[in-house]
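The next block holds one structure in the form of structure tokens; read it before the comments.
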Amino acid sequence: AQSVSQHNHHVILSEAASLELGCNYSYGGTVNLFWYVQYPGQHLQLLLKYFSGDPLVKGIKGFEAEFIKSKFSFNLRKPSVQWSDTAEYFCAVNAPLGSYIPTFGRGTSLIVHP
Amino acid sequence: DTAVSQTPKYLVTQMGNDKSIKCEQNLGHDTMYWYKQDSKKFLKIMFSYNNKELIINETVPNRFSPKSPDKAHLNLHINSLELGDSAVYFCASSPQGLNTDTQYFGPGTRLTVL
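Here's what the structure looks like:
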């Protein structure tokens with residue numbers, strides 16, 4: 001079975017600090033990887049996704065993530081966070097196990113102080 | 115226009131009761147999902163329907179019964195509610211149920227069982 005680990009459960013930063021949120025998955029085959037974000041009071045929405053090609057993926061609002069197959073990782077980064085980035089961030093993996101079952105990490109709560 | 119909507123947003127009920135949560139998507143997607151998010155923020159898939167046909171049914175008590183009257187609707191009925199059913203339930207949809215699909219989430223229904 002596939003699983004997703006997000007090791008940082010709570011992150012607190014000041015504005016302009018750099019951000020890196022870890023995501024590791026356990027599945028040896030081809031995977032599709034996603035980062036979703038949930039801003040306070042809003043729906044989960046897609047931040048970015050990877051399924052082939054350039055392992056460095058750029059998403060909305062200046063976020064990017066790098067797929068490193070050898071490390072089974074898909075870490076999310078942003079060089080300079082803003083107060084409006086305060087949100088919950090979820091990493092997700094879809095593996096083609098027949099009818100694929102999307103698996104989410106437990107989420108990372110990011111608080112950015114102005 | 116709301117893409118994926120759920121009703122109600124909050125549901126407080128007594129143990130042993132039966133309740134339903136409704137979900138509708140106006141995106142024209144073929145696939146819809148129900149997820150449960152527990153108190154530790156783990157987001158776990160419960161069910162998935164593709165064109166009204168059940169394709170994913172994870173280890174969920176049979177007190178939970180999804181119903182899809184058409185591909186735009188996926189309702190969740192829960193019988194004999196238990197304390198452990200307290201959680202946030204998210205409905206989602208995706209275009210075709212492919213493992214590269216982005217998922218579009220509803221706002222969630224916070225269920226509290228007393």
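Chains A and B, in that order, are what the protein sequence lines are.
Quick note, in the working numbering, the first sequence goes up one by one and the last residue is 114.
Quick note, in the working numbering, the second sequence goes up one by one and the last residue is 228.
For every residue, glycine included, the Cβ atom is placed at its ideal position computed from N, Cα and C.
Please read all numbers here as calculations on a predicted model, not as lab measurements.
Practice task
Would you please verify whether the beta carbon of T103/A is less than 9 Å from any beta carbon of chain B?
Solution key: Closer than 9 Å to some Cβ of chain B, the Cβ of T103/A qualifies, so yes.
Exercise for the section: Determine the DSSP secondary structure at K155/B, reduced to helix, strand or coil. Expected result: Here K155/B sits in coil by DSSP.
Problem - Validate contact between the segment 218-226 of chain B and the segment 118-131 of chain B using beta carbons, cut 8 Å, 3 pairs - result: Yes: the two stretches touch, three or more of their Cβ pairs being nearer than 8 Å.
Practice task
Could you check the C-alpha separation between P114/A and P175/B for me, to the nearest Å?
Solution key: Distance between P114/A and P175/B, taken at the CA atoms: about 45 Å.
Exercise for the section: Output the residue ranges of the beta strand (DSSP E) runs that lie fully inside the segment 156-196 of chain B and measure 3 residues or longer, sorted by chain position. Expected result: Taking 3 residues as the minimum length, the beta strand (DSSP E) runs contained wholly in the segment 156-196 of chain B are 157-164, 167-171, 178-184 and 187-192, in order along the chain.
Problem - Burial state of Y163/B (16 or more Cβ within 10 Å) - result: Y163/B should be labelled buried.
Problem - chain B within 9 Å of Q2/A, Cβ atoms only - result: Closer than 9 Å: no.
Exercise for the section: Would you verify that the beta carbon of F90/A is, or is not, closer than 9 Å to some beta carbon of chain B? Expected result: True, the Cβ-Cβ gap to chain B drops below 9 Å.
Practice task
Grab the span of the beta strand (DSSP E) containing F34/A for me, first residue to last.
Solution key: For F34/A, the enclosing beta strand (DSSP E) has its first and last residue at N32 to Q38.
Handout entry: chain A within 9 Å of L225/B, Cβ atoms only
Key = Output row for L225/B: interface = no.
Exercise for the section: Could you tell me which chain A residues have their CB closer than 7 Å to the CB of T127/B, listed as they occur along the chain? Expected result: Simply none; closest approach about 23 Å.
Problem - C-beta atoms of F90/A and Y27/A nearer than 9 Å - result: The Cβ atoms of F90/A and Y27/A do not sit closer than 9 Å to each other.
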